[in-house]
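Using the numbering used here, the first residue of the sequence shown is number 76, and each one after it goes up by one. For every residue, glycine included, the Cβ atom is placed at its ideal position computed from N, Cα and C. In this text, all values refer to a predicted model and were calculated from it rather than measured experimentally. Below you'll find the structure, written out as structure tokens, and then a few comments.
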Amino acid sequence: MNNNNVINQNNGSSGEDKACKVEDTMFGDSDDSNEGMESSEEEVEYETEEDSEDEEEEDYYEETDYDDIPVVGRLEDRVNSLIKQNEQIFGKERFEKLYAKYQELYNNDQIQNEEAKIIPRKEVLGDDEPQLRKYCHLIEELIFVQSALL
């Protein structure tokens with residue numbers, strides 16, 4: 076009988092262990108599920124760091140006086156950059172001609188609505204060089220930036 080009791084005790088205990096392992100796995104108490112918990116904690120820490128960065132940015136913007144920002148200077152830098160780009164693409168002489176034509180079309184009194192001031196690239200360049208039309212946006216941007224400076 077003692078042998079049966081030993082066997083039953085072993086079977087009973089091993090059965091309980093199996094049941095506990097199943098329960099642990101079901102409820103997330105196994106070793107594998109702890110890895111997921113650790114990554115969640117890292118995410119929480121990351122969000123906390125991000126929140127502090129947002130607070131620093133808010134402080135920066137609160138301290139910044141927008142009247143002191145040289146917007147005109149940045150626009151002038153952009154104008155100079157666009158002029159250089161256009162001269163490299165079209166050549167200085169051709170750029171000046173294209174720019175004059177664009178400026179004339181842009182300032183045309185027949186165009187009342189500024190949003191409607193879409194300058195037809197074919198009208199400026201003609202049929203001679205359709206491959207250059209894709210670069211006309213640089214001239215257009217130059218004119219729009221310069222008009223913002225006025």
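Environment of residue i [buried if 16+ CB atoms lie within 10 Å]
i    : result
F219 : exposed
N155 : exposed
N182 : exposed
Alpha-carbon to alpha-carbon, residue j and residue i
i    : j    : result
A223 : E171 : 20 Å
I214 : G148 : 19 Å
Q160 : L180 : 21 Å
R27  : L150 : Since the first and last residues shown for the chain are 76 and 225, residue 27 lies out of range.
K167 : A175 : 12 Å
H212 : L173 : 12 Å
Distance CB(residue i)-CB(residue j) smaller than 9 Å
i    : j    : result
I158 : L217 : yes
Close Cβ partners of residue i (< 7 Å) along its chain, the five nearest in sequence each way excluded
i    : result
R153 : V220
Q178 : I218
E235 : What the structure shows of the chain is the stretch from 76 to 225, and residue 235 is not part of that stretch, so it cannot be assessed.
6 Å CB neighbourhood of residue i in its chain, flanking five on each side removed
i    : result
Y210 : I164
Y135 : Note that Y135 has pLDDT 49, beneath the 50 cutoff, so the model's placement of it is unreliable and no number is given.
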